[in-house]
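Visitor: Dumping the structure here so I can ask a few things about it.
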Amino acid sequence: MTDYILLKQGELVLKGLNKHRFEQQLLKNIRYRLKPIGQCKVYARQSIVYVEPMDDETDMDEVFDALQTVFGIKTMTRAAACEKDKDAIVALAREYLAEEFHRAASFKVESKRGDKNFPLSSIQLSQYVGGELADAFPECRVDVHNPELTVHVEIREDAAFVHGPSVLGAGGMPLSSNGTAISMLSGGIDSPVSTYMIAKRGVRLIPVHFFSYPYTSELAKQKVVELAQILTPYCGSMSILVVPFTHIQEEIQMKCPEKYFTLIMRRFMMRISVALEKKYDCKAVVTGENLGQVASQTMEAMACSQAVSDLPVIQPLIGMDKSDIIDIARKIGTFETSILPYEDCCTVFTPRHPETHPIVEKVAEAESVMDIDGLVAEALAGIERIRVQV
Ligand code: ATP
Ligand code: MG
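The numbering used here puts the first residue of the sequence shown at 19, with every later residue one more than the last.
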């Protein structure tokens, strides 16, 4: 009996003419993800992706776990296959779902016919299989309205499949199906979550981290690398760009009014991110900003940094409550690392009384005493790339 995994595609099925491209990307991502785990055949038929082990060594539990972080999959289930014969289906269901039957007090059978040549209708097949299973497991009664166990029978082109309940997949759209973006990744709670959320929309991300050594320590950098590493099952392998930011921060502190420190610093971050977007053919920059959370996240303050970007700034967390952001951080496993107490460059030289309702022109005038282009070029030239692998 071959142990299959069946994956239902999410929004992809709505994609019309582009569907094929999205589906191919999903298959490619699944194959890439499973390569280190084992040999599997991966193919799609009628919006279902089939994952079939090619040898006995492949650990299908491990395959299942790995697939739970692949975007583009709505639900997933383990399944077994047999020939397209009603008695073979009954025999398979008895054996394959025996444990589930012993646990459940009630069940029903739901059938689907992908192959319209099958001699029984879906209803006839459900009735037949249900009747036989009711005889086989008399302690589990039939309940078509509210069963504890639903036995799914699917008649497909090549075989009949039997499976129990499905679990939710990672959702979203296949990674790389929606282009590439820069993600500004600090060591905080928010930006790993915003990175995850945009990866979920099918965007491949290049994390950028601004690093102010020695004001922020080597441990702060390691923390960001670790966060990116934790994200790789969702985001794939990534190259983190670590931008030397010390000189820029010192110049700001020396030459600009204190109330504008954070605003001007964020404008530099944005300029550098935009330069990197162009270099790596990205279409947007993603940040973990959240309206009203800190002084630099008023609408006026965000307008100041966005004024130096000619590409979209995507802020997936903008309207979320912190507690909801933390729930996601815990789910994806970044929370415990994010709360390690290493300082971020944003907390170095924090103004005592930051301007929360700045006027863009005034901030631009205040920073014009610096050699902006020179500082940006210097930072870009000093970038360190750190690779994290799934
Ligand atoms: P986070 O929890 O992501 O650090 P935050 O609530 O602390 O966010 P800020 O410090 O104002 O908010 O930062 C807002 C956003 O700016 C961050 O979510 C991140 O996208 C970006 N950012 C801040 N500091 C850095 C940094 N050192 N390197 C890269 N991006 C940064
Ligand atoms: Mg922060």
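In this text, a Cβ means the ideal position worked out from N, Cα and C, and glycines have one as well.
Excluding five sequence neighbours on each side, which residues of the same chain lie with their C-beta closer than 7 Å to the C-beta of Met338?
Guide: Result list for Met338: Asn308, in chain order.
Visitor: Which complete beta strand (DSSP E) runs does the segment 165-225 hold, if anything under 3 residues is left out?
Guide: Correct list: 167-173, 178-181, 185-189, 198-202.
Visitor: So is the beta-carbon of Val88 under 7 Å away from any non-hydrogen atom of ligand 1?
Guide: Checking every heavy atom of ligand 1 against the Cβ of Val88, none is found closer than 7 Å.
Visitor: Whether or not the segment 296-314 and the segment 164-182 are in contact is what I'm after, with contact meaning three or more pairs of Cβ atoms, one per stretch, closer than 8 Å; do they touch?
Guide: Not touching, per the Cβ criterion.
Visitor: One question on the structure: do Leu112 and Leu151 come within less than 8 Å of each other, judged by their Cβ atoms?
Guide: First, the residue type needs correcting, since residue 112 is Arg and not Leu in the sequence shown. Yes; because the gap between Cβ atoms is below 8 Å, this pair is in contact.
Visitor: Beta carbon of Ile290: closer than 7 Å to some heavy atom of ligand 1?
Guide: Ile290 Cβ: outside cutoff for every heavy atom of ligand 1.
Visitor: Taking just the CA atoms, how far does Val261 sit from Gly400?
Guide: Taking the straight line from one Cα to the other gives about 7 Å.
Visitor: My parser needs the beta strand (DSSP E) runs of 3 or more residues fully inside the segment 83-149; what are they?
Guide: For the segment 83-149, whole beta strand (DSSP E) runs of length 3 or above, ordered along the chain, are 91-100, 124-131.
Visitor: Please tell me whether, using a cut-off of 7 Å, the distance from the CB of Asp339 to the nearest non-hydrogen atom of ligand 1 is below it.
Guide: False, no ligand heavy atom lies under 7 Å from that Cβ.
Visitor: If you measure from the CB of Val366, is any heavy atom of ligand 1 nearer than 7 Å?
Guide: Val366 Cβ: outside cutoff for every heavy atom of ligand 1.
Visitor: For Ile48, which three-state DSSP category applies?
Guide: Three-state result, Ile48: helix.
Visitor: Is DSSP giving Phe40 helix, strand or coil here?
Guide: In the structure shown, Phe40 sits in a helix (DSSP, three-state: H, G or I).
Visitor: Go through its chain and collect everything with a Cβ distance to Met215's Cβ below 6 Å, but skip five positions before and after it.
Guide: So the qualifying residues of the chain are Pro334.
Visitor: Measuring straight from C-alpha to C-alpha, what distance separates Ser255 and Ile48?
Guide: So the alpha carbons of these two residues sit roughly 14 Å apart.
Visitor: Count the C-beta pairs between the segment 184-197 and the segment 44-62 that are closer than 8 Å, then say yes if the count reaches three, no if not.
Guide: Yes, since at least three Cβ pairs between the segment 184-197 and the segment 44-62 fall closer than 8 Å, the two stretches touch.
Visitor: What are the start and end residues of the beta strand (DSSP E) that includes Gln27?
Guide: Start and end: 21-27.
Visitor: Looking at ligand 1, does it come within less than 7 Å of Gln311, judged from the CB to the closest heavy atom?
Guide: At least one heavy atom of ligand 1 is nearer than 7 Å to the Cβ of Gln311, so yes.
Visitor: Which residues in the same chain as Gly1 place their Cβ atom closer than 7 Å to its Cβ, once the five residues preceding and following it in sequence are excluded?
Guide: The chain is shown only over 19 to 408; residue 1 falls outside these bounds and no answer can be derived.
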